[in-house]
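Everything below concerns the one structure shown next.
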Amino acid sequence: MRQTEASMAQQDHERQRQGAGPADIVQQLQTMIAAVRTLADSAVQQGAALPVSQTGAQLRNAVSGLGHLLSALDPQTLAMVQTQVREAGKAVDAVEAGLTGTKESAEQVFRTMSADRAEAAKAISDRFQAEMQDAVSRVRGAVSIVALPQ
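If you read the sequence shown in UniProt numbering, its first letter stands for residue 1, the second for the next number, and so on.
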């Protein structure tokens, strides 16, 4: 999955360097934002199982891909597509809120497990949470470049 994510980011960066117009970039951003929103909605239903679910992996990859796409854009291009950048910020707000709920749900489940199983499950959950926070931070970094009037 990470190879696909890196490949997507490289292709997006290459398209941007080759002069992909604002309309192309807007379309790419809209597609990625829609994917993040859809997966975030599905993730809520996964609860504590999110870190080990296919939805969790897809959500992580979608948020990472969105972050890579945004980070490949120069500040001028980001300013031209600031409506989509603002929407990306809102989408990761929803993801972040869901992550908080997932973490709380997982902690409740860990209390019902044996110590060994709880420790292993917590390690998986913690790794997932860290990877998701990295992906969210990448999007937030790109969003912070653009002065977004509220």
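Positions of the beta carbon are idealized from the N, C-alpha and C atoms, including for glycine.
Since this is a predicted model, take the numbers as computed values, not measurements.
Asked, Found
"Can you say whether residue 63 is buried or exposed, counting buried as having 16 or more other CB atoms within 10 angstroms of its CB?", "buried"
"Quick test of your reading: residue 66 and residue 97, contact by CB under 8 Å. State the CB separation rounded to the nearest angstrom.", "Not quite, the Cβ-Cβ distance comes to about 17 Å (not below 8 Å), so this is no contact."
"Are the CB atoms of residue 33 and residue 94 nearer to each other than 8 Å?", "no"
"What alpha helix (DSSP H) runs, 4 residues minimum, are completely inside the segment 17–90?", "22–46, 54–71 and 75–80"
"Identify whether residue 112 lies in helix, strand or coil by the three-state DSSP scheme.", "coil"
"Keeping to the same chain, check which residues put their C-beta closer than 6 Å to that of residue 48; ignore five residues upstream and five downstream.", "105, 106 and 109"
"How many whole angstroms separate the CB atoms of residue 43 and residue 56, which I take to be in contact at a CB cut-off of 8 Å?", "7 Å"
"Checking 8 Å against the spacing of the C-beta atoms, do residue 71 and residue 140 come in under that value?", "no"
"Going by DSSP in three states, residue 139 sits in which element: helix, strand or coil?", "helix"
"Helix or strand or just coil, what does DSSP make of residue 146?", "coil"
"What's the call for residue 76, buried or exposed, on a 16-neighbour Cβ count within 10 Å?", "exposed"
"For residue 142 and residue 85, which I take to be in contact (beta-carbon distance under 8 Å), what is that distance rounded to the nearest angstrom?", "7 Å"
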